[in-house]
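Peer 1:
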Amino acid sequence: MFEFFIVILQFLSGSMMYSYLLGKICGVDIRVLGDGNPGVSNLWKMKGWKFGLIGLFLDFSKGFFPVILFKDHLNYWVYIIALSFSVLGHAFSPFLNFKGGKAITTSFGVWTAATIWKAPIIMGSVLVILKTIFKNKKSSDFDFLIFLFGFLSLIPYIMYEKSLYLYYLYFFNFFVVILKHRKEIKNIWRDLLGRI
1 MFEFFIVILQ FLSGSMMYSY LLGKICGVDI RVLGDGNPGV SNLWKMKGWK FGLIGLFLDF
61 SKGFFPVILF KDHLNYWVYI IALSFSVLGH AFSPFLNFKG GKAITTSFGV WTAATIWKAP
121 IIMGSVLVIL KTIFKNKKSS DFDFLIFLFG FLSLIPYIMY EKSLYLYYLY FFNFFVVILK
181 HRKEIKNIWR DLLGRI
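Numbering (UniProt numbering), first residue to last: 1 to 196.
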């Protein structure tokens, strides 16, 4: 019962839409501005870097808080499942009629807790390199494509670790992120077909 409670608690933690709430504090509903995303990327674009950084920290932290406090008292499978539910909660927040954010920042928090910074360092390094190379490309579609390459860069690390826990977490996280970026995928596919 305790472990079930922790998983649900972590889901609810992930469901807290801090960027949306910060927007409301500023007197705006970021769901009707920019790309309509209630997550930190839209908050940053609409309200600037100061509120964006606060939203970034909160969305990152909820990827592993509060479950990390109970890590030593949980079966490791329960710990990993609870972490994955952070992503699920953010992507499908019951507090916003199950229309949450894109789950990218929260995913970084989840992988920080699951691999003690290893995965985020790998993924972050790839993102920085790609962002530097393609610094003139500015669109949500291209940003997703860069993140996708960053996320795929974790595969060699996960294969090296040979951890069933990480395989589960990766495929679960990947599925949710793809599900939340259907629009970007359709746009990229349409653009690709237009070039052929």
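Heads up, the beta-carbon is just placed ideally off N, CA and C, and yes, glycines get one too. This one's a predicted model, so the numbers in the text were calculated from it and none came from an experiment.
Cα separation between F64 and K135?
Peer 2: Start at 1 with the first residue of the sequence shown, and residue 64 comes out as number 64. Start at 1 with the first residue of the sequence shown, and residue 135 comes out as number 135. Their backbone Cα atoms lie some 31 Å apart in a straight line.
Peer 1: DSSP three-state label for L33, please.
Peer 2: Counting from 1 along the sequence shown, the entry for residue 33 is found at position 33. Looking at L33 - three-state DSSP - the assignment turns out to be coil, as it is neither helix nor strand.
Peer 1: Between the Cα of W111 and those of I8, H181, V7 and L169, spot the shortest distance and give me the residue it belongs to.
Peer 2: Your numbering for residue 111 matches position 111 in the sequence shown. It is L169.
Peer 1: Run the CB neighbour count on V27, radius 10 Å, all protein chains shown included, and call it buried at 16 or more, exposed below.
Peer 2: Within the sequence shown, residue 27 is the residue found at index 27, counting from 1. Before going further, note that residue 27 is Gly rather than Val in the sequence given. By the 10 Å Cβ count, G27 comes out exposed.
Peer 1: May I ask which residues mark the beginning and end of the alpha helix (DSSP H) holding P66?
Peer 2: As a working mapping, residue 66 is identified with position 66 in the sequence shown. Where P66 is concerned, there is no enclosing alpha helix (DSSP H), given that its DSSP letter is neither H nor E.
Peer 1: Please report how far the alpha carbon of A91 lies from the alpha carbon of R195, in whole angstroms.
Peer 2: By one-based count along the sequence shown, residue 91 stands at place 91. By one-based count along the sequence shown, residue 195 stands at place 195. Cα to Cα, A91 sits roughly 32 Å from R195.
Peer 1: The alpha helix (DSSP H) spanning D191 covers which residue range?
Peer 2: Against the sequence shown, residue 191 aligns to sequence position 191. Where D191 is concerned, the enclosing alpha helix (DSSP H) stretches over R182 to R195.
Peer 1: Taking the alpha helix (DSSP H) that F95 belongs to, which residues open and close that run?
Peer 2: Residue 95 sits at position 95 when you count from the first residue of the sequence shown. Unbroken run through F95: none, as it is neither H nor E.
Peer 1: May I have the straight-line CA-CA distance separating F2 from I54, to the nearest angstrom?
Peer 2: Numbered from its first residue, the sequence shown carries residue 2 at position 2. Numbered from its first residue, the sequence shown carries residue 54 at position 54. F2 and I54: Cα-Cα distance of roughly 31 Å.
Peer 1: Counting pairs of beta carbons, one from the region 85-105 and one from the region 11-31, are three or more of them closer than 8 Å?
Peer 2: yes
Peer 1: For a quick check, are the C-beta atoms of F60 and L22 less than 8 Å apart?
Peer 2: By one-based count along the sequence shown, residue 60 stands at place 60. By one-based count along the sequence shown, residue 22 stands at place 22. Not a contact, by the Cβ cut-off of 8 Å.
Peer 1: If Y157 and I122 are in contact, beta carbons under 8 Å, what's the gap, nearest whole angstrom?
Peer 2: Counting from one through the sequence shown, the residue named residue 157 turns up at place 157. Counting from one through the sequence shown, the residue named residue 122 turns up at place 122. Their Cβ separation, rounded to whole angstroms, is 6 Å, which keeps Y157 and I122 in contact under 8 Å.
Peer 1: Going by alpha carbons, who is nearest to L166 out of F144, A113, L33 and K45?
Peer 2: Start at 1 with the first residue of the sequence shown, and residue 166 comes out as number 166. Checking every option, the nearest Cα to that of L166 belongs to A113.
Peer 1: Using three-state DSSP, classify I133 as helix, strand or coil.
Peer 2: Residue 133 sits at position 133 when you count from the first residue of the sequence shown. Helix, per DSSP.
Peer 1: Could you check where the alpha helix (DSSP H) with A113 kicks off and where it finishes?
Peer 2: Along the sequence shown, read from residue 1 onward, the residue named residue 113 stands at position 113. Run containing A113: I104 to T115, per the alpha helix (DSSP H) assignment.
Peer 1: Taking DSSP as the reference, what is the three-state secondary structure of G27?
Peer 2: Here the question's residue 27 lines up with position 27 in the sequence shown. Coil.
Peer 1: Residues in its own chain within less than 6 Å of L58 by CB, not counting five upstream and five downstream?
Peer 2: The sequence position of residue 58 within the sequence shown is 58, counting from 1. The residues are Y18.
Peer 1: Can you find the residues in the same chain that come closer than 7 Å, C-beta to C-beta, to H181, ignoring five residues on each side of it along the sequence?
Peer 2: Working through the sequence shown from its first residue, we reach residue 181 at position 181. Correct list, in chain order: K102 and F144.
Peer 1: Taking the straight line between their C-alpha atoms, what separation do you get for S41 and K138?
Peer 2: Walking along the sequence shown from the start, residue 41 turns up at place 41. Walking along the sequence shown from the start, residue 138 turns up at place 138. Computed Cα separation, rounded: 13 Å.
Peer 1: With the cut-off set at 8 Å, would you say L83 and V67 are in Cβ contact?
Peer 2: Sequence index remark: in the sequence shown, residue 83 carries index 83 (1-based). Sequence index remark: in the sequence shown, residue 67 carries index 67 (1-based). In terms of Cβ geometry, L83 and V67 form a close pair [threshold 8 Å].
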